Each structure stands twice: as C-alpha cells, then as structure tokens.
Amino acid sequence: MNASAHTLDRFSVSAARRRKDRFARGTIVAATGVALVPLVLIVYYLLSKGLSSWSPSFFTTDPTGNTFFASSAIGGIKSAILGTIEIVAIASALAVPLGLGVAVWLVEYGRGSRLAHTVRFFIDVLTGVPSIMFGLFIYIALIVGTGTSYAAYKGAFALALLMLPVVTRSAEVVLLLVPGSLRESALALGAPRWRVIFRIVLPTALPGLVTGVLLAIARAAGETAPLLFTAGATMKTEFGLNGFMNSLPIQIYTDVTSPTTAVVNRAWGAALTLVVMILLLNLAARLLARRSSLG
Amino acid sequence: MSIDKPSTSENEPRMGIDEPDMQMLDPRQSQPPRTSQSAHTAGTRARANVRDGLTVRLERLRAFYGDVAQVKGIDLDFHANEVTAIIGPSGCGKSTMVRCINRMHEEIPGAHAEGKVLLDDFDIYDPSVDVVAVRRAIGMVFQKPNPFPTMSVFDNVAAGLRLASRGRGDLHHKVESALRGAGLWEEVKDRLSEPGAGLSGGQQQRLCIARSLAVEPEVILMDEPCSALDPIATLKIEELIDQLKSKVTIVIVTHNMQQAARVADRTAFMLGGELVEVGPTQQIFTNPSDSRTEEYVTGKFG
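So the protein lines, in turn, are chains A and B. According to this note's numbering, the residues represented by the first sequence are 18 to 312, in order. According to this note's numbering, the residues represented by the second sequence are 2 to 303, in order.
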C-alpha cells in the first residue's frame, strides 16, 4: 500500500502544472480563434455581397459609366478583369525571371560576398517600401519625366518593381533550404555548376519557389496605389500597352466611393472576382508544381 | 533536354565530342593533348580500352580553410586498382585530404589547396585543367546517402550521365549496368520509377555508388560511406568495394578500424593534418613502425 502510494505520487502531474498547461493551451486556442474572426468575416462578406452582383453579363460587359439607372445599365467588369490579367502577366514576366535570377546569384554565387550583403540589404529595404512609392517612382520617371500620359506598360513596370523584392527574398530563403549535400554530390559527379542549378537545385526548391511567386503575384494583383497614376482608369476594354488600362483594384476603388448602391455592389462583385482569380491561379500552379516534381 | 545543348561548349575542353561508346569508356582518349602533358597522354593512350583504375599521387598537398592549414603537406600514393583506407582520429584532416583529390575542397567558401595531386602523372591542379572533367574521372561517395529527392531510382543513376551530358545513347543499358555494378539491380529492377529516397538507407548508399559508377570514373573516393548504415548494409558495401577494385582505384576514409582491416589493401594513418604512416594494411595493424600508429590501432587514443 505504502509503496504504491509513493509511486503514484512520483509519477502524477501536479495540480499547478495541470493548471499552467490548461492556461497555455487555452491561450493558444483563443489566439487562433481571434485570428480567424476577420478572415471568416472577409470571406463571408465577400460571398454574401459579391455573389449577388455576379451574372453572365457581369463578366462580359464593360462598365458603362451610367450610374443613375437600374443596376442592369451600369455594366460589368470585363475591362477590369482583362486589364488586371494583362498588367499582372507583364509584371510577372518581368519580375519573376529577374527575381529568381537575383536569388540564384545570391545563394549559388555571391554567398558571403560584400556585394551580396549590399544587394540583400537593398532588397530588404524595397520589401518595406509602401506600394504607392513604386507608383510615384514610375510616375516621376516615365510620366512626368518623359512628358507622356498614363499607359498600361507603366503600370506593369510599377507592379514589377513591387514584385521583385518579394520574389527574390522568398526564392532566396527556399534556395538556402536545399541541402548543400545535393549540390556537392552533383558537382562530384562532374556536373557544371549551371547544370547543378537547373537540374538539381531549382527542381528541388520548385514547390517553395512557386509559393513565393504566387504570393508576389497575389500581392501585385490586389494593389491599387501603384496603378492609380501609372495605368490610369478607363471603362473600355483595351489591350494596347500604350493606352490607359482598367484593372480590378482600380475598378473597386472607383466603384466603392459611388453613391449608387448598384455600383457599390459591383465593387463587391469585382473584389470577389479578384479573390477567386487568385485562388484559381494558386490551385493551378500547385497542381503543376506537384506533377513536375514527381515526374 | 533543351538545356543539354548549350553544355557542349563547356564540356569541350576535355571531353571533346561524346559520340562513340568506346571513347566514353575512357575519357583519357578524347583528352586533347596539352603542351606539357602530351608525352604522357600518348603513354596512357597505349593502354586504351583497358578499363581500370588510375594511380593517384599526392605531392606536398596542403589544404586550407581561410588561412588555417588543415592538411599540412602530405606525400602519398594510391595504387591503381587497390583499396587504400585512411584512418585517424576526428579532425585529423582525412576528409579534407580526400576532398582535395577531386577538387571538391575548393567548393567550400574560403578554402583552397596547394601542392600537387597527380592522376597518373597528370597534375589535376594544373591551371589549364577543367575541374568538371576531373570530377568525372574521380567519383565520390559521401557519408550520408543523398539520392536526389526529386528523382526516381532510374533518374538518380541517369542523373550522373545527364548532368555530365552523356545521357545520349543507350541510357537504360548504362543505368542497368551501373546498378548491377553496385549490386542493387536485383533489388530495384521492379521499382525503377519509384522515388530514390524511398529505398532503405543501405540501398540509398548503393544507389549513390551506382550513380557515381554510371559516369565510369577511374577513381572513387568514399568518405565514411558506411557511418550511417547498419552492420548488414555495411557488409554489402564492403563486399561491393572488394568487387569494384578490379575496375577502379578506391580511397576510403573510415572511422572503423575493423572496416579498414577488412577492405583495404593498404592503410594510411593520419594525425593532426599529417601523414604518420602508410603501408600494407596487415603491417599497419600488426607491426606499425610508428609508435603513434600502434597506440591508435590498439585503441589507446582516438
């Protein structure tokens, strides 16, 4: 009897530790819950307000600019969808290869050098620059500086500048995670360094690289500030890079300040469209990355 | 496949054109004669098509990390088609020395080597030498099995050939013979398309050996190849080493003195970055001439 009481005492958890454990667990769960509240609310409002303005014509007509009549007369967001796709695609085509290139250089070649430290420092600074600064820079350099007007390609440049540090920094982190032993064994097989990078390092890091690129694209697709005074705003669907081009964030920005309820609802519909587009892009890229890393 | 193309220029200096199978067997053949080595090249050509190992000779080899010398002047011969074991306590410079032989040491930032490493009288530290070609002639197996995680068993072995842009020709045949050479074919022939990382530790290490065999090197360096393996997997690797030495020269770093005694024809004992003694394995373990060697092999320190 005595002996068993003794063992129970030795191996049981004290009341104080039990309380601490319960408190710590409770705090963590509460924090998770609090963090989820705004997320759930955003999705809920997007769906409840945005879905009601969705209709086939919402996606196939341009905004008419006519805001005083029935909701059917205000038009859809076709020009904004196509504009966002075009501007973001151009921005990605510029920023993704450049950003990945810088990251590869930082990790595979420049590692530890003074230049690499300097480059990394400036990339960190760029990551923290407010997005409107990129718009201002392009505005001053390409619009005021050249005495020309707003243009789609200028908006794409502004977004590319915004994406560049995000792509570079996330790619660098992922490339650093690739074990050095893989590089070593590939080099020891007699592979030139560039081939080690293309055949071993990049494929191994691919899922992480895709995530970083998607984050950058998602961020760029949702930015209003850099486009406001670079690409301008227009209602018609335009494809020319030299003219004004509409985009979803700009459409939302102009619609949401309107006194007409139908137009404000169009902003919700446009916001939901933007979120769904990014979600689809995310899914597609992940499927592709998974297939290629297994094949 | 598209990225295969531009590589030709990079391979040119030593490999030349890699079309006929016969030439691929022996890189020395397609090596363009160089000013001072041309006489020697002609000499090796006489032995063309005899697929065997090459002698490696270290002359005053010193290896540095920054300014610190980790290997402090070593003269050592590795005989062709023999297994030479390097033993010595941790931190004595065994691995560093071995990594100098295929010029992997210099891949570490701030590291460099001085002295000569002669591959059949050809100094691989000569400024005109292409390191990539050196590493094709001198393969390496590392401490931890490290198959490429994104690749299947087949692709892992083919990787050696593809990375060295010798992936044309009968790839399947070459992969099979490399896997047979590593004693792994029977175990993996039905799972060639499964990920290489899905094999057991010992199989992974033999896969890495197959991967380096595929490029048909004349020398294989093994840096504690069994330290992460269980005794049965270790035994298989040791049997494999015994078979491989008919084709290649083997240098094996090991912490396990029984392993050195089992596999090595000759054994070298290192201490503090210097070579203490080298000789037939039997002699090193039973009748060493240096008292420090005797103390180490009898377990008095280390």
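Even glycine gets a Cβ: it sits at the ideal position worked out from N, Cα and C. This one's a predicted model, so the numbers in the text were calculated from it and none came from an experiment.
Worksheet item: Which stretch, first to last residue, makes up the alpha helix (DSSP H) that contains residue 250 of chain B?
Response: Looking at the DSSP string, residue 250 of chain B is not in any alpha helix (DSSP H); the run it does join, the beta strand (DSSP E), is 250 to 254.
Worksheet item: For residue 161 of chain B and chain A, any beta-carbon pair shorter than 7 Å?
Response: yes
Item to complete: Please name the residue, chosen from B:205, B:256, B:164 and B:230, that lies closest to residue 217 of chain A on a Cα-to-Cα basis.
Response: B:164
Item to complete: Give the residues of chain A in contact with residue 199 of chain B, contact being defined as C-beta atoms less than 9 Å apart.
Response: Within chain A, no C-beta atom comes nearer than 9 Å to that of residue 199 of chain B; the closest sits roughly 12 Å away.
Discussion item. If the criterion is Cβ atoms closer than 7 Å, does the pair residue 139 of chain B and residue 220 of chain B meet it?
Written reply: yes
Worksheet item: Between the C-alpha atoms of residue 49 of chain A and residue 194 of chain B, what's the straight-line distance to the nearest angstrom?
Response: 42 Å
Item to complete: Assess, as a yes-or-no matter, whether the segment 180 to 191 of chain A is touched by the segment 142 to 149 of chain A under the definition of 3 or more beta carbon pairs within less than 8 Å.
Response: yes
Worksheet item: Which value, in whole angstroms, describes the spacing of the CA atoms of residue 230 of chain B and residue 102 of chain B?
Response: Rounded to the nearest angstrom, the two C-alpha atoms are 25 Å apart.
Item to complete: In angstroms with no decimal places, state the Cα-to-Cα distance between residue 30 of chain A and residue 150 of chain B.
Response: Here the alpha carbons of residue 150 of chain B and residue 30 of chain A stand approximately 43 Å from one another.
Item to complete: Note down, in chain order, each residue of its chain lying with its Cβ closer than 6 Å to the Cβ of residue 275 of chain B, except the 5 sequence neighbours on either side.
Response: 73
Practice prompt. Below 6 Å CB to CB, which residues in the same chain sit around residue 289 of chain A once its five sequence neighbours on both sides are set aside?
Written response: 63 and 67
Worksheet item: Roughly how many angstroms lie between the CA atoms of residue 27 of chain B and residue 298 of chain A, to the nearest whole one?
Response: Model confidence at residue 27 of chain B stands at a pLDDT of 43, short of 50, so the residue's coordinates are unreliable; what they give is reported in the following sentence. C-alpha separation (whole angstroms): 50 Å.
Fill in: Residue of A:72, A:256, A:117 and A:167 minimising C-alpha distance to residue 229 of chain A
A:117
Discussion item. On the DSSP letters alone, give me the boundaries of the alpha helix (DSSP H) that residue 1 of chain B sits inside.
Written reply: This structure gives no information on residue 1 of chain B, because the portion of chain B shown stretches from 2 to 303.
Discussion item. Would residue 223 of chain B pass as an interface residue toward chain A - the criterion being a Cβ-Cβ separation below 7 Å?
Written reply: no
Worksheet item: Quick one: Cα of residue 33 of chain A to Cα of residue 54 of chain A, how far?
Response: 32 Å
Worksheet item: Over what stretch of residues does the beta strand (DSSP E) that includes residue 73 of chain B continue unbroken?
Response: 69 to 79
Item to complete: Grab the span of the alpha helix (DSSP H) containing residue 136 of chain A for me, first residue to last.
Response: 131 to 145
Item to complete: Report buried or exposed for residue 301 of chain A, applying the criterion of at least 16 other Cβ atoms within 10 angstroms of its Cβ.
Response: exposed
Fill in: Under 8 Å (Cβ pairs) to chain B, residues found in the segment 120 to 140 of chain A
128 and 129
Worksheet item: Exposed or buried, what is residue 94 of chain A when buried is set at 16 or more other beta-carbons lying within 10 Å of its beta-carbon?
Response: buried
Practice prompt. Compare the C-alpha of residue 237 of chain A against each of A:270, A:177, A:277 and A:198 and name the closest.
Written response: A:177
Worksheet item: Any residues in the segment 202 to 219 of chain A with a beta carbon nearer than 9 Å to a beta carbon of chain B? Which ones, in chain order?
Response: 202, 203, 204, 205, 206, 207, 208, 209, 210, 211, 212, 213, 215, 216 and 217
Worksheet item: Along the segment 104 to 119 of chain B, what residues have a CB closer than 7 Å to any CB found in chain A?
Response: 105, 108 and 110
Item to complete: Can you pull the chain A residues whose beta carbon is under 9 Å from the beta carbon of residue 147 of chain B, in chain order?
Response: Scanning chain A for C-beta atoms nearer than 9 Å to the C-beta of residue 147 of chain B yields 196, 198, 199, 201 and 202, reported in chain order.
Worksheet item: Does DSSP put residue 302 of chain B in a helix, in a strand, or in coil?
Response: coil
Worksheet entry | Within chain A, partners of residue 141 of chain B - CB distance below 7 Å | Going along chain A in sequence order, the residues near residue 141 of chain B (Cβ under 7 Å) are 205.
Worksheet item: Do residue 205 of chain A and residue 105 of chain B have their C-beta atoms closer together than 7 Å?
Response: yes
Worksheet item: What's the gap between the Cα of residue 44 of chain A and the Cα of residue 200 of chain B?
Response: 43 Å
Worksheet item: Using a C-beta cutoff of 7 Å, does residue 164 of chain B count as contacting chain A?
Response: In terms of beta-carbon proximity, residue 164 of chain B lines the interface with chain A, with at least one pair separated by less than 7 Å.
Fill in: Beta carbon of residue 271 of chain B nearer than 7 Å to that of residue 89 of chain B
yes
Worksheet item: Considering only the beta carbon of each residue, do residue 133 of chain A and residue 127 of chain A sit closer than 7 Å?
Response: yes
Worksheet item: Do you know whose CA, among B:290, B:156, B:144 and B:80, lies nearest residue 121 of chain B's CA?
Response: B:80
Item to complete: Starting from the N-terminal side, write out each stretch of the alpha helix (DSSP H) that is 4 residues or longer and does not extend beyond the segment 42 to 116 of chain A.
Response: 73 to 77
Worksheet item: Can you tell me the Cα-Cα spacing of residue 1 of chain B and residue 228 of chain B, whole angstroms?
Response: No information on residue 1 of chain B is available, as it lies outside the stretch 2 to 303 that chain B covers here.
Worksheet item: If you draw a straight line from the alpha carbon of residue 265 of chain B to that of residue 304 of chain A, how long is it in whole angstroms?
Response: Their Cα atoms are separated by approximately 50 Å.
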